[in-house]
Each structure stands twice: as C-alpha cells, then as structure tokens.
Ligand SMILES: Cc1cc2nc3c(=O)[nH]c(=O)nc-3n(C[C@H](O)[C@H](O)[C@H](O)COP(=O)(O)OP(=O)(O)OC[C@H]3O[C@@H](n4cnc5c(N)ncnc54)[C@H](O)[C@@H]3O)c2cc1C
Ligand SMILES: Cc1cc2nc3c(=O)[nH]c(=O)nc-3n(C[C@H](O)[C@H](O)[C@H](O)COP(=O)(O)OP(=O)(O)OC[C@H]3O[C@@H](n4cnc5c(N)ncnc54)[C@H](O)[C@@H]3O)c2cc1C
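Residue numbers (my numbering), protein chains in the order written: chain W, 1 to 378; chain S, 379 to 773.
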C-alpha cells in the first residue's frame, strides 16, 4: 500500500497550509480563544469560501466528493494551527450525519447553509455519568403520530454554544445499554423547550449543557431509520475518529518541531540543552512515536476510503496509539521546555490541552486496545 | 503518647477547627497551593494551637513531635482536606534561618513567619538560570550599608501574595559561579520591585516574574557571609526536596479515583470499579505508590536513627511526582469529556453558583495540567536522575 496524493489532494494540503500559516498564527488564535464566543465567524466564512466545508460532501449536495483522505489532510493542518472553529463538530460529524440520514427537504434546508458557512451543528449524546458509549444513552422520546416529543438532558455537548441545530441521540425503544432502539433527531437549538447553558472548554473551544422539556419535533427530523441510529452513526464515527487523530498528529508534529527548536536555543550549563543525551533521545522517541502515528493515520484513511476489511482494526490501532503517543509527546514537550512550557503564553501547553481533549473523546486508549484485540480475533 | 491516641487528638482538633469553608479550599486544590485566604486562615488557627511548624526544633516554635507523629499529623490534615500551608516560609526559609541566621535575624523573622504576619516567596530561578541555578545574574552591588539589586526572578510562586522574598543574588563574578552568590532577605514593598503575574495553563495565576530595578536592601539582610549564599541555598533546597511525603498526596488522589470509579460508568455501562482493565491499571500505579510509601518509611527510619536520606530523596521526588501524574491520567480516562468544561470561577472556595459537572470532575483537568510542573520544579526529573547517577552510582 503506497499512498499517492492526487493533484487535488496536494492542492488542498498546500492551500490549508498556506492559508492557516499566514492567517491563523498562534497570536491570532489566542485572540479568538479569548473572545466571548471563542469562535471567529470571519475565519469560518473563509473556510467556506476556500471550499473546505464543501470538500467532503457528495457532488449532488454541493460538495466536491472528498472522502476520508481529504478529511485527514484538512484535519491534520487544523491540528498544526490549533484551529478552534468547529470543523470536526459541524462538518465531519454533523454535516456527514445530515448528508447521510436526512430527507431531501432537510438536506436542502441545512446542508446548503452549512456548506456556505451559515449553519453550526452539535452532536448531543453523552449523559451524566454515562459518556463512554453511545449505547449507554437513556434519554427517551415518545413518538405520536408524525411528531416526536423530547424530554431529558445532555451533557458536554461540544460546539453546543455555537450550534444552530443539535443532533440528539435518544431512545425511541429499548433501554440503556442496547444499541438498538436509538434514534437521531435534528432539533433547532432555539426550539421551544430547548434550553442550553453555554461555556468554554479547556482546549479553547465551546460546549453546552442541554435540557429538553417537551420539545416537539416533526418525525421527519429523525435522521436515518427510527431506532437504528447506530447504523447511520458507525461510518461517521469512524471518519470522525480519523479526523480527531489527524488533528492530534498535526498537533504532535508541531510539538516535536517546537521542542527541537527550543532545546537548540535554550542554554543551561554553558551549552544548548539539546546537547544533553537524555533530551536528544527523548526527542528521538517523540519523533518515532509521531511517525508511527502518521503511518497508522495514512493507512486508516486509505482503508476507510476503500472500505477495506481491516479499516476498523486499523482505526482502533490508530486511536490507541495516538492516545499514548499524544500524551508522551505533549508531556515531554512541556518537560523539555521547563517552566516556560507550563504557561498560557506559549503554544506548547495549548497543544497539550487539545491532545488531552481529543484523548477524552470517542474512546480512551484502553477502550481502543480492547476493540483492537476483539477485532483481530475475527 | 502512643500514635493512636495522638491521631485521635489530631482528629478531634480537625473536627473542631477545620470549617467547611476551609475544607472546601482543600478539596478544590489543583496544585500544591490552596486558595490564599483560606491557607492563611488555616495557618493562623494552627499557629494559635502551636502546631504550625511541627518540623522545627521545639526551641523555635516546633512541636517536639516524633517523626511518626509529624507524619500522622500531615496525613490527617491532607486526608481531611485541610488547605496546604505555604512551604516557602515554613518548610524552606525557617529551617535555613535556624541554621544560618544571625541571632537578630532569628529573633526578628521567625516569630513573624510563625504567626503568618510575613508571607515569603522564593526568588531563586531567573529567566536564564533554571536547572543551572548557579549561573544566576541578578546583581547586588555594595553601596554604603546597602546593596543595590538589579535583575529579575521568575516562576516565583505566590509572589503576588507575599510581603517578603528571599533571593539568591550575584555579589561577585570572580571564580566559580557558585562562589559569587549571596543569600539575601528583601521586603517586597521596597521601591523598585514590580511583580508581573504569569498566567498558567489552567488559566490561573500562581507564579510571577519579579523585577528589581535599583532596589536598595540593607547589608544586614544577608544570611551568612557575602558570597557564601550557595551553601545556604543548597541547605534550603534539601528541605524543599526532602521532607515532603508524596505518599500522603497519593492517598488523597487514590481516594478521589475510587470515588470517581464508584459513580461513573464505563463503555459497557458498568461502574468503573468493576472494570478489570481499569483495576489492573490503577493497581499498577498503586503498587508503585506503595513501594514509595515503604521507601519513605525506610527514610524515616534512617532519620530516626540519626542518618541522612541522601540521594533517596531524589528517588522520592522522581517516583512521587511521576506516580502522581499517572494517577491524574487515570482520572482523565474515567471522566472522558466530563473533564473538559472550563469553569475556573467554581474553583474558588466561596463560589456559590451551579457546577457544570460533578465536583470530582471539576478539578480533574486543572490537576492534570498543573501536575505536569511537578517534574520540573524543585529540581527536574532529569536533574534528579543525574543526581542519582552521580552521587549514588558514582558515574
Ligand atoms: C548477536 C550479535 C551479532 C553480531 N554480529 C556482528 C557481525 O556480524 N559483524 C560485526 O562486525 N559485529 C557484529 N556484532 C558486534 C556489534 O556490532 C557490536 O556489539 C555493536 O557495535 C556494539 O559494540 P559493543 O558490543 O562493543 O558495545 P559498546 O559499543 O561497548 O556498547 C555498550 C553499551 O553502550 C552504549 N553506547 C555506546 N556508545 C554510546 C553513545 N555514544 N551514547 C549512548 N550509548 C552508547 C551501547 O548502546 C550499549 O548499550 C554482533 C553483535 C551481536 C550481539
Ligand atoms: C509551577 C512552578 C513553580 C515554581 N516555583 C518557583 C519558586 O517559587 N521559586 C523559584 O525560584 N523557582 C520556582 N520555579 C522554577 C523551577 O525551579 C524551574 O522551572 C526549574 O529549576 C527548571 O528550570 P527552567 O524552567 O529554566 O528549565 P530549564 O533548566 O531550561 O530546563 C529545560 C529542560 O532541560 C532539562 N535539563 C536542564 N539541564 C539538564 C541537564 N544538565 N541534563 C539533562 N537535562 C537537563 C530540564 O530537565 C528540562 O527538561 C517554579 C517552576 C514551576 C514550573
């Protein structure tokens, strides 16, 4: 398997690199993070104008037909520049769910707006004390006639503060612990009875707690088959995990570069600290881990695009490896910077927090190791 | 008094004096420091009881307790969530002054330190002098009966709350760098001192940069002789590095993880405490914590017999901090996305609003973040390993 990027893919990579390196420097990023909404609508509009938001949608709905590889290329660069705008939540997750599961009418209402930069999406699934598996959802909704009534609450809904629409995972049948019986419902964030409490997250992004009391939604807002949300979700989750891991790889590569640079400049005991062998070896190990992750990332993207039988196995390996490598690289980037690495002023710690946030979503290392073990027995 | 009776006496005192507000400050600790006001309120209570400096000789205000009793006291305080006292004065400066200070210095500074009237910060590190402390360049130049100090100190913990700072300054450029350093006590409100806060990764301020611009300090504020400061500084560092019982920190961390694991559910919808992978991982770290506990006890035994911990204190610093960091990682995995909400206002003990996530989730991320510094300050993990290599293994 040798992955050669197409001309379009190379252009996407170069355009993302060029635009973000010129317009999304760390200082600019920090300004956005410290603003009230910690989200920049001008940036987002530019992402739309550059075609990034459309990239991975089918041509019929106004996209460019990109797949996992395009998602990966863009996500990696978003990771390098620590972009806080919700590409992951709105496009990779929300957009793909709408595009795969919504009726034509809903698609034309929301997807056009999303692709042109005018609609933000959040995926609301996790519940207090139950936030490690989607099958662990208990919030139930009742269906009567052609409408559906929502009651309950969702916690730490990422991009929840900015969201115009929320995709709520809930039960129309079965009980907590079962994969069957889950439905995904599109709800307008300002629908009557839908209340959110917005806040920022440690990685400089936004989220909200949502509560729903007697929120009435047309049955047509159910994405995919009622009671079979997991079927709709599976491929989107897979691509989502790839996207998060690619972002982490971008962050890790920036950390390795910054640490190598810093240790060459920083002098203690009359020489650059990069001369100390223990630090040289540490950085060599950081580099090794980064490249191992990159290999798994490329393989996973390729396998997802080709619906390869091993795609999920490779994905589990990737998420598990990114978890340990991400920690190793981020922890040591701080360690090798010394005191300055623990400050808000340097970008090092912000990469660390983003990597920590990525590690806390869609399965820990232990979770994906277990999944890997299970899949490799098949 | 036997240890059990002693423990009962400590518990009775804590029961009485550790108010809910003070406990809250202890619960909300996300680094080695607690909320400043709560810390000093607790400091004064212990002072009134005569228990503020158990590690000091009795003649200077210590308690005369045995090592065991001192350990029990620390353990009971920590596990009942008392806010930690500031170590810069009580653990570092005090014992050093007792050893090196002049009679006037002892008579003047020690009582004020004990009562909490003076709050001290530690001015060692500089932008250009971290691990290589001896290369420090903040200068003190003799001018009559004063020194004129110029330069800056960085990473000075709680400088924003302190009225005094003890500093290492350069009084000579002759000979080895260590030979031109002096130890001096400075009033923070002297003209020419400015304090710039440094925002940490958790979004809060604990460290500062302190600038000295022609700061005039009496020569009488030197501790020890001019150019003898390195010896004084090293004596103080022994107290900074030794004397800390990491085991007690680990017990507090383990109690918190057990609580999380008995309330939160894993991906199979089972409580974490019934998850065998989690249990194995937790046990693996707990085994290292236990091995460290017995190492600390061994050191205590050696001290009791009049010995010296030597390089074992480097071992404790390495294993103590790295084990603590591993516990943080376990908590992060249990809490998943629940660790992400950024609600720093709720980390203030007097916060009365509504929490976004459970109490034990609120502190998880900032603890994880702040604890990365534990392998950097007080001699980094690399420097400590070097000490073992050189002093123990003779390399
Ligand atoms: C199974 C086997 C097969 C071999 N086959 C061949 C063969 O076919 N032909 C042949 O010519 N040789 C062969 N060798 C020899 C091999 O190349 C040497 O063992 C190797 O170069 C290491 O040299 P050394 O054994 O003298 O160890 P040393 O060089 O003395 O090394 C001892 C330790 O010090 C470390 N070390 C050394 N220098 C540094 C440094 N600068 N920084 C950090 N650490 C350092 C090493 O990593 C090692 O851990 C073989 C060796 C083995 C074990
Ligand atoms: C939270 C916090 C609180 C602090 N509080 C105080 C305080 O109150 N007062 C005070 O004076 N200071 C304080 N410090 C400063 C602390 O003592 C220094 O950060 C520490 O000495 C390391 O120095 P540095 O940050 O300049 O890192 P550097 O010395 O530049 O180290 C950078 C990296 O190089 C490594 N390194 C350096 N030399 C060697 C070597 N010879 N061999 C191998 N590796 C090496 C280090 O281990 C580290 O990984 C605090 C620091 C922190 C983070």
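Backbone N, C-alpha and C define an ideal beta-carbon position, used for all residues, glycine too.
As the structure is a computational prediction, the values presented were derived from the model and not from experiment.
Item: Exposure label - residue 432 of chain S; buried when at least 16 CB within 10 Å; Value: buried
Item: Check: residue 502 of chain S C-beta below 6 Å from any heavy atom of ligand 2; Value: yes
Item: Burial state of residue 523 of chain S (16 or more Cβ within 10 Å); Value: exposed
Item: Rounded straight-line distance, which links the Cα of residue 625 of chain S to that of residue 315 of chain W; Value: 39 Å
Item: Residue 754 of chain S: CB within 6 Å of a non-hydrogen atom of ligand 2; Value: yes
Item: Residue 576 of chain S at chain W interface by Cβ criterion, 7 Å; Value: yes
Item: Same chain only: Cβ atoms within 6 Å of residue 503 of chain S, ignoring 5 sequence neighbours per side; Value: 532 and 533
Item: Whole-angstrom C-beta distance between residue 644 of chain S and residue 660 of chain S, which should lie under 8 Å; Value: That pair is no contact at about 13 Å.
Item: Residue 101 of chain W burial status per 10 Å Cβ neighbour count (16 or more: buried); Value: buried
Item: Distance between residue 282 of chain W and residue 139 of chain W (C-alpha atoms, nearest Å); Value: 47 Å
Item: Cβ-based neighbour list, residue 445 of chain S, same chain, cut-off 7 Å, excluding 5 preceding and 5 following; Value: 678, 681 and 682
Item: Residue 750 of chain S classed as buried or exposed, judged by whether at least 16 other C-beta atoms fall within 10 angstroms; Value: buried
Item: Nearest-angstrom Cβ-Cβ length linking residue 627 of chain S and residue 747 of chain S, presumed shorter than 8 Å; Value: Residue 627 of chain S to residue 747 of chain S, Cβ: 16 Å. No contact.
Item: Short-range partners of chain W found in the stretch 651 to 680 of chain S, where Cβ spacing is below 9 Å; Value: 653, 655, 656 and 659
Item: Residue-chain proximity (residue 326 of chain W, chain S), Cβ-Cβ < 7 Å; Value: no
Item: Continuous alpha helix (DSSP H) stretch holding residue 532 of chain S: start and end; Value: Note, residue 532 of chain S: premise wrong, no alpha helix (DSSP H); beta strand (DSSP E) at 524 to 535.
Item: Range covered by the beta strand (DSSP E) that runs through residue 500 of chain S; Value: 498 to 501
Item: Segment contact, 8 Å Cβ cut-off, at least three pairs: the stretch 634 to 653 of chain S with the stretch 689 to 697 of chain S; Value: no
Item: For residue 744 of chain S, three-class secondary structure by DSSP; Value: helix
Item: Sub-7 Å separation of residue 322 of chain W and residue 760 of chain S beta-carbons; Value: no
Item: Residue 643 of chain S at chain W interface by Cβ criterion, 7 Å; Value: yes
Item: Per-residue DSSP class, three states only, for residue 714 of chain S; Value: helix
Item: The alpha helix (DSSP H) enclosing residue 326 of chain S, as first and last residue numbers; Value: Absent from the model: residue 326 of chain S. The displayed extent of chain S is 379 to 773, so no value can be given.
Item: Residue 207 of chain W beta carbon less than 7 Å from that of residue 158 of chain W; Value: yes
Item: Alpha carbon of residue 361 of chain W to alpha carbon of residue 715 of chain S, nearest angstrom; Value: 6 Å
Item: Beta-carbon separation (whole angstroms), residue 691 of chain S vs residue 766 of chain S, contact threshold 8 Å; Value: 10 Å between Cβ atoms; not a contact.
Item: DSSP state of residue 130 of chain W mapped onto helix, strand, coil; Value: strand
Item: heavy atom of ligand 2 below 6 Å from residue 508 of chain S C-beta; Value: yes
Item: Chain-ordered chain W contacts of residue 495 of chain S [CB-CB under 9 Å]; Value: Chain W residues near residue 495 of chain S: none, gap ~30 Å exceeds 9 Å.
Item: Check whether residue 406 of chain S and residue 727 of chain S have beta carbons under 7 Å apart; Value: yes
Item: Start and end residues, alpha helix (DSSP H) containing residue 71 of chain W; Value: 68 to 80
Item: Contact set between residue 334 of chain W and chain S, taken where Cβ atoms lie within less than 7 Å; Value: 750
Item: beta-carbon residue 568 of chain S near ligand 2 non-hydrogen atom, thresh 6 Å; Value: no
Item: Cβ neighbour criterion (16 or more within 10 Å) applied to residue 380 of chain S; Value: exposed
Item: Residue 136 of chain W: contacting residues in chain C (beta-carbon distance under 8 Å); Value: Judged by its chain identifiers, the structure shown contains no chain C, and its protein chains are W and S.
Item: Minimum Cβ-Cβ distance from residue 760 of chain S to chain W less than 7 Å; Value: yes
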